[in-house]
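Q:
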Amino acid sequence: MIVGTQKPLEEIWDMIKGFRKVLVLGCNTCVAICHAGGGKEAEILASLLRMKASLSGVETTVRHAAIERQCESEFFEPVMDEVRASDVVLSLACGVGVNFLADKAGDIPAFPGIDTAFFGAVEKAGIFKELCAGCGGCILHLTGGICPVARCSKSIMNGPCGGTSDGKCEISRDVDCAWYLIVERMKKLGTLEKLFEIQPPKDWSTGLYGGPRKVVLEHITAPEPPEKGKESQGGM
Amino acid sequence: MNKVPSKKKGSVLVVGGGIGGMQAALDLADSGFRVHMVQRDPSIGGTMVMLDKTFPTGDCSMCMISPKMVEVGRHLNIDIHSPAEVVSVEGGPGDFSVRVRVAPRYVDPDKCTGCGDCEAKCPKKVSSEFEQGLGVRKAIYSLFPQAVPNTRAIDRKNCLYFMKGRCRICEKTCKAGAINFQDEGKELELNVGAIILCPGLDRYDARARGEFGLGRWKNVVTSVQFERILSASGPYKGEVKRPSDGKHPKKVAWIQCVGSRDPHNANPWCSSVCCMYATKQAIIAREHDSEIEQTIFYMEMRAFGKDFDKYVERAKNDYGVRYQRAMISVIREDPATGDLLLRYAAEDGKLVDETFGMVVLSVGLEPHRDAVEFAGTFGIETNSYRFAKTSSIEPVRTTRDGIFVTGTYQGPKDIPETVMQGSAVAGEVMALLGEARGTETITKEFPPERDLTGEEPRTGVFVCHCGINIASTVQVEKVVEAVKDLPGVVYATDTLYACSQDSQEMLKKIVREKNLNRVVVASCTPRTHELLFQETIRDAGMNKYLFDLADIREQCSWCHMGQKEAATKKAIRIVGMAIAKANLLEPLKSDAVGVTPVALVVGGGVAGMTAALSLADQGFRVSLVEKEKELGGLLRNLRHTLEGDDVREFLKGKIDEVRAHERIKVYNDAEVAKTGGFVGNFETTLTTGDVIKHGAVILATGGMEYQPDEYLYNDSDRVITQRELEGRIASGKSPGTGECYVMIQCVGSREEPNQYCSRICCQDAIKNAIALKERNPDAQVLILYRDIRTYGLREDYYRRARDLGVLFVRYEIDNKPLVESLDNRLRIRTWDYMLNRELTMDADWLVLSTGLRPHPTTGKTGEMFKAARNPDGYFLEAHVKLRPVDFPGEGIFVAGLAHAPKNLDETISQALAAAGRAGTVLSRKSLTVSGIVAKHNRDLCMSCLSCVRVCPFDSPYIDEEGRVAHNEIKCHGCGICAGICPAKAFQVNSFRDDQILAMIDAAMAEGKK
Amino acid sequence: MKSGSNLEKVLEGGHFAVTAEVGPPKGTSASVVQKKGDILKSCCDALNVTDNQTAIVRMSSLSGCVILKGMGLDPVMQMVVRDRNRIAIQSDILGAVALGIRNVLCLSGDHQKFGNHPTAKNVYDIDSIQLVKTLKTMRDEKKFLCGENISGEVPLFIGAVENPFADPFEFRVIRLGKKVQAGADFIQTQAVYDVDKFAGWMKMVRDRGLDKQVHILAGVIPIKSVGMARYMRDNVSGVSVPDEIVTRLEDAKDVKEEGVKITLEIIDRLKDIDGIHGVHVMAVAWEDIVPVIAERAGLLPRPIL
Amino acid sequence: MKPQSEQREAPSIEKPHGIPDGWEPNILAFACHYCAFAAADLAGVMRLSYPASVKVLRLPCTGKLDYIHILHAFERGADGVFVAG
């Protein structure tokens, strides 16, 4: 899932303090699961902003709402009146949702309430960790299912570098060395010899560095409108 | 099965109302028996209520025991007779007649509301027994604020009226008219099927040891006095102060073994608890006062219990407690300062003088002073120390059939073991009286519930004066006036005592007359009175959850005395909050689920077999699962107990009994493969393919003996374990003529990574040492130890070993003995701390006292039943003090070595306890679920699993569709799920978000004028 | 000869090589580099110029190399893959060769987190092994990474580093093998203090025959103070400083002298290990000790080839 | 999916100002039924005195407490919130 963390209140306040009618809009999917931007957090943030406004002597109304997913057009319908009645919408969705909302919100600004962090998983309650970088060219079959792109701080393909110590990365004792894990895991799988080969430089063009990406599923995309007269001829 | 009318009585007498007696009473009353509790003091509670905190978790003692006391006090099937004593006992198992003398209380419990006005007004001050003389009480009093029953009692010896014929102020004060100076007490004749003795303990009177100056030097206090000093509700409100001048002592000393382990001047036994309570007190003292320097003078650190060694390590490392191994010969006071000068012999033998601001005497435990007469009344034998006589294989049976014993009357012990024995005697009684279950219990009948669907709230408010308790501070009429027009309120009134019988009737009448559908009572705390009022409105045909209690006494009038205006304003807010909530309350159903009256016992060792037999005797079918071909477990390796009981004989008898029992089915070569379900309704599949449906499970997966690799064990045939030595002694191979045996203790125990005491090894070594010496006095036996931990009455054998000439030499962990092999002998070198030099011995045999480990299957089994384990791998009980055989998940219990290392008698006690606890589940036709549970809204739920991860009771789970679902049967209504749920998919009944928000609004609203 | 550099000649000639490290300044002064070059020129066969070491911005390695080259010294250009993508790397290599640089040492580079721009974006387009292979392809096949041809020769003596003390120990030799396979001509190792462990590693290296395929120079860092020893022991990942070294320094009257003695003892033992073809002395901010060490270790004079 | 329609009114918080004489903070305590609420009872039993402006709201466990409960109290004018469990 997409993991995010809420921005500091001061930063949010700086974004919205000039606006009189604020809508805090939560997204009840990934960011709700990581306790950063669901309906519950929207309600909490709205309350905090109301108090912040009051303490700053600014007359501001702050309302809150949430929808299932801010990355689907249809889900916005029930809140669009609220959106249009606002001076600014503070979206607690991931960056995807904020972009999407900006497209829909016309002349109403859409601001981010959270920092979208990474694709990750719950390690245990309250701890989320990054496991995939969305590079568009998966090589997990070569690395024991452990991703060096996302989990090695240098994203190297022929690790581990000389900075590893006691299985930890040089950047912090709290970070596991991904390559240490890869070697240990492949030992266990009996496939260590796969690591003897030199991995060639990675093709990064499938990732962020290749420009904005798009996936098109032709079997699902709406076909061109059929010619008139043929519409109801399908057997029922 | 046709139920043959039983000749056995379905009621039980519990003599003593301490924590052990309470546990036995609750277990029995919860499983279909009627209980008479006879308590000598005017309140139940015993010793535990006097304690501040408990080791090793630091939990507040009163907070733990108080709800239990309330439960006992309110239980429909427990009658408390107090202050009372048993006069005579006739008859036998299944049918005893008992005469009980109830002493006069001079206060009529039927009329008394417990308001305490009389006590406040009583002019006579008396030194308080409860505060150990550090505080005062009145002549009419309750033992302590949370007393149960909370009916006051007049202390005739100190009452001015009884002494001088005038006063009677209490009588004039009592608006309920409960004072009765003519009370003569009464005598009761009870017919019971079994008797449980738990009279509790006395503490050694340290004034007998004049050299310590107790009673002479003001700043020398007993450990119980120090408990009261530490207690936030005690005489010093938790401030560590000296009795002489109220100053904070900088240095505090604890002196251990005062009155214990001293056959010449005091009691010969070890009191088992003092090392740990002194450690606890030293820790808490530092928590209360960071300047304090604590020193504990001790002979041997007996931290033998579960996680105790870790606790002592924490005391040393995190709390700066200094442990000084030394005997104090004398204490002298500096009259100018009140400081105390202690003289002791340091380890190098030099005499040292050290000054302390305060000294705590760790006084030992002993049987109640009337223990001998007491035993006579019940016709049971005592041992030479006046404890009830029992054996290691029947640890809770007295010498008279049908009479059982629990707690410190059986021998010195701590709280969890007392509680465990409380459940154990309950288990024994259930087995004895199984057929009479349910024959004498009473149930309450209620009228049908009125259907309230669609009605707007019609709330009635009853504001209590509580005599003058509330009314003297809160202007009750003003409160009524202020709330009567609040939304939803259709009726508001005041009442003198809301809890009195006539008020209850009035309340019911008004509910019907005014057609009320919500009731708010504003009086005292819901913790003691909510159930009472809920029952009353239920009696009036209302759902009991349509009630809220506003606490305007404990949380208002009593803490704002003399501030009428402010208190009244606050009371209005409090009542307003309750009304706001009441308006949003909804009737709740208490669901019930059936119970499969079958037990699964995992593990066929002595724990598993004992539990299985007890449950089968109670009348339940039992499936006993043993992974090996044979039953018996670890005990098969043992021949005799320290006390000399023949273990093989005992074990054979048990196995035969299990095999022959018609209600026990044994599955050998079988393990649990998977399990599911919840209390009352488990379904477990075995590796054999058998599927067992059961209502409760006992995990008795046992332990293992540690296989050493230390001290040349793998290199020399002359290095053996205690178990191997036991075999050699039994077969006559040991001792050979003039042989020398050296034993090393704590092999594989009490050091990282196994920082725990294996508890059995000291006795094992001493048992074998005695056997060697008895067979051949010429044999030399030398035991290298760290601390000899022959706790309780086992101390006798330590003394016997020394008398027989067994030598004991202490070693320290950072200077362990060194062993080298010499042809057919072994050379052992160790540092002798007494002589301050190295000792070298050549031995024929080196015997290693190897500790215990949890059985490797413990982890796997635990995971399946979601039973947590401690860092050492032993099962972690639900609460180390009060729920020693339960798991947080209901219907799952633990017994034996799987829980922690323990001796045979303790394993048997725990197994009986597990059976007793399981009996409380299996004996019910159905289990009622409280209405206060979390409700799960699947439409809102995102299955994020936050609830699944945080719930302490495993009630949210992933269902067959792979989504989060909620099992309300397991839910305790704590609401942690609701707190964490990002989708607000959980709401706790009666604590819903809308209700809480409404209460916040009401709390913050300006009160009406 | 692949490159004809002095270092290559010394090593191919079977001599025990000595290299040292020159850290360029956090500024524009060429004289800083020249001064260090002056101190080191008579006691070393080649001088490494570090590349924004520990991710702290300094004068570029290429410039430092050019300055040393101008003094008639043989520079080793260190190149990390942290800051350049494959385009920049190859372009810099072309320029370096054009300016007469012949030795290149390929490294991953310390993570920017440690440096003075911790919020920088790193590159890590290719890793150090891929860099070695890229240089070999450029030299031997005269082709860029993309396969297109390079005009002109690319005479390079390719170096790589290895840390025998990092985890997982047994995989380190395998990884060294990958570097050799990728085309490394010489290896400079992380600083050695635990000679026993290092010897164990070298045995694994010899068992795989790698010592025959590549010149291994053992890294040495003289310790100047007790604090530095403790810091290296406790905080520098992948460096293993035995406690007894710390104790020796703690007990020493003259810590610097003791540090030198320890270094000499280590070099002495390294010389006896089969497959060690030289030492690489990294005297960070203590360059003037290198001639002393070289002298006392009997490594002078340096061969002139 | 339905948007969360329930909305709170605009807040009625005063602007910060100096503390007037005799002012007592308005404090709401959230207390666990099993411990802190029992402790509050005990305080009464022991006749310990504290300002009457402190009010206690009983929860089944402080784990039930939600951020919004605290914030709501502040929005309604609480000067302090005390969570004990």
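Residue numbers (our numbering), protein chains in the order written: chain A, 1 to 236; chain B, 237 to 1245; chain C, 1246 to 1550; chain D, 1551 to 1635.
Glycine included, every Cβ here is placed at the ideal spot set by N, Cα and C.
What you are looking at is a predicted structure, and each value in this text was computed from that prediction instead of being measured.
Are the CB atoms of Leu743 of chain B and Ala776 of chain B nearer to each other than 9 Å?
A: Yes.
Q: Quick one: measure Cβ to Cβ for Ser1482 of chain C and Gly163 of chain A, integer angstroms, because I've assumed they're closer than 8 Å.
A: The pair is a contact, with the Cβ atoms about 5 Å apart (cut-off 8 Å).
Q: Considering just the uninterrupted stretch of the beta strand (DSSP E) at Ser91 of chain A, what are its terminal residues?
A: Run containing Ser91 of chain A: 88-91, per the beta strand (DSSP E) assignment.
Q: Going by CA-CA distance only, name the one from B:Arg310, B:Gly327, B:Gly328, B:Ala339 that's closest to Glu321 of chain B.
A: Of the listed residues, the one whose Cα sits closest to Glu321 of chain B is B:Ala339.
Q: Would you list, in chain order, the members of the segment 1222-1238 of chain B that have their beta-carbon closer than 8 Å to a beta-carbon of chain D?
A: So the close ones are Val1224, Phe1227, Asp1229, Ile1232, Leu1233, Met1235, Ile1236, Asp1237.
Q: Would you decide whether Arg1327 of chain C is buried or exposed? Buried here means 16 or more other CB atoms lie within 10 Å of its CB.
A: It is buried - the Cβ of Arg1327 of chain C has at least 16 other Cβ atoms within 10 Å.
Q: From Lys516 of chain B to Gly830 of chain B, what does the alpha carbon distance come to, in whole angstroms?
A: Roughly 44 Å separates the two Cα atoms.
Q: My output table needs one value for Pro212 of chain A: the three-state DSSP class, helix, strand or coil.
A: Three-state DSSP puts Pro212 of chain A in coil, outside helix and strand.
Q: What's the C-alpha gap between Arg452 of chain B and Leu437 of chain B?
A: Rounded to the nearest angstrom, the two C-alpha atoms are 25 Å apart.
Q: If I measure Cβ to Cβ from Asp525 of chain B and keep anything under 7 Å in the same chain, skipping five residues before and after, which residues do I get?
A: So the list reads Val476, His484, once near-sequence residues are dropped.
Q: In or out: Met399 of chain B buried (at least 16 other Cβ within 10 Å) or exposed?
A: When all chains shown are included, Met399 of chain B counts as exposed.
Q: Taking three-plus beta-carbon pairs below 8 Å as touching, is the segment 1246-1265 of chain C in contact with the segment 1213-1224 of chain B?
A: Touching, no.
Q: Between Trp1149 of chain B and Ala1170 of chain B, is the Cβ-Cβ spacing less than 9 Å?
A: The displayed chain sequence assigns Ala, not Trp, to residue 1149 of chain B. It is not a contact, given that the beta carbons lie outside the stated cut-off.
Q: Less than 6 Å between C-beta atoms, sequence neighbours within five positions excluded: which residues of the same chain meet that for Thr1295 of chain C?
A: Closer than 6 Å at the Cβ level, and outside the excluded window around Thr1295 of chain C, lie Gly1268, Gln1323.
Q: Taking Cβ to Cβ, would you say Gly1635 of chain D is nearer than 9 Å to Leu1615 of chain D?
A: In this structure, Leu1615 of chain D lies closer than 9 Å to Gly1635 of chain D by Cβ.
Q: Grouping DSSP H, G and I as helix and E and B as strand, with all else coil, what is Val557 of chain B?
A: Three-state result, Val557 of chain B: coil.
Q: For chain A, find out if any of its Cβ atoms is closer than 9 Å to the Cβ of Asn1408 of chain C; answer yes or no.
A: For Asn1408 of chain C, the answer is yes, since a Cβ of chain A falls inside 9 Å of its Cβ.
Q: Whose CA, out of A:Ala105, A:Trp179, A:Asp166, A:Asp174, lies closest to the CA of Leu140 of chain A?
A: Measuring from the Cα of Leu140 of chain A, the nearest candidate turns out to be A:Trp179.
Q: Output yes or no for whether 9 Å exceeds the beta carbon distance between Asp331 of chain B and Lys245 of chain B.
A: Cβ distance < 9 Å, so Asp331 of chain B and Lys245 of chain B count as in contact.
Q: Note down, in chain order, all residues in the segment 1172-1201 of chain B with a beta-carbon under 8 Å from any beta-carbon belonging to chain A.
A: Here the close residues are Met1178, Cys1180, Leu1181, Ser1182, Arg1185, Val1186.
Q: Tell me, which residues are paired with Glu569 of chain B by DSSP?
A: DSSP, once it has assigned bridges, lists B:Leu576 as partnering Glu569 of chain B.
Q: For a contact defined as C-beta to C-beta under 8 Å, what are the partners of Pro1570 of chain D on chain B?
A: Those within 8 Å of Pro1570 of chain D in chain B number zero; the least Cβ separation is about 17 Å.
Q: Is the Cβ-Cβ distance between Thr1537 of chain C and Ala1463 of chain C less than 9 Å?
A: Note that residue 1537 of chain C is Val in the sequence shown here, rather than Thr. It is not a contact, given that the beta carbons lie outside the stated cut-off.
Q: Pull up the distance between the alpha-carbon of Thr1382 of chain C and that of Arg1347 of chain C, whole angstroms please.
A: Computed Cα separation, rounded: 15 Å.
Q: Does the distance from the C-beta atom of Phe19 of chain A to that of Val96 of chain A stay below 9 Å?
A: No, the pair does not count as a contact, with Cβ atoms beyond the cut-off.
Q: Could you give the C-beta distance for Asp1370 of chain C and Arg1420 of chain C, rounded to a whole number, given that I count them as a contact under 8 Å?
A: Not a contact, Cβ separation roughly 20 Å.
Q: So Leu1008 of chain B packs on Tyr977 of chain B, CB below 8 Å; how close in whole Å?
A: Their Cβ separation, rounded to whole angstroms, is 6 Å, which keeps Leu1008 of chain B and Tyr977 of chain B in contact under 8 Å.
Q: Opposite Ala835 of chain B in the DSSP bridges: which residues?
A: Partner(s): B:Val858, B:Ala932.
Q: So the beta strand (DSSP E) Phe914 of chain B belongs to, where does it begin and stop?
A: 908-914 is the span of the beta strand (DSSP E), which, as asked, contains Phe914 of chain B.
Q: Report buried or exposed for Trp1573 of chain D, applying the criterion of at least 16 other Cβ atoms within 10 angstroms of its Cβ.
A: Per the 10 Å Cβ criterion, exposed.
Q: Could you check where the beta strand (DSSP E) with Leu587 of chain B kicks off and where it finishes?
A: Run containing Leu587 of chain B: 587-592, per the beta strand (DSSP E) assignment.
Q: By DSSP's criteria, Asp438 of chain B is part of a beta bridge. Which residues make up the other side?
A: B:Glu602.
Q: May I ask you to check if the CB of Ala562 of chain B is nearer than 8 Å to at least one heavy atom of the ligand SAH?
A: The ligand SAH is not among the ligands present in this structure, which contains no ligands whatsoever.
Q: Taking Cβ-Cβ distances below 8 Å as the criterion, which residues of the segment 71-88 of chain A are in contact with chain C?
A: For the segment 71-88 of chain A, which is checked against every Cβ of chain C, not one residue is closer than 8 Å.
Q: Could you name each continuous beta strand (DSSP E) segment of 3 residues or more that falls completely within the segment 309-376 of chain B, going from the start of the chain to the end?
A: The segment 309-376 of chain B contains these whole beta strand (DSSP E) runs: 314-317, 320-328, 331-338, 361-363, 372-374.
Q: Leu785 of chain B and Ser759 of chain B look like a contact to me (Cβ under 8 Å); what is the Cβ gap, rounded to whole Å?
A: Contact flag correct, Cβ pair sits at about 7 Å.
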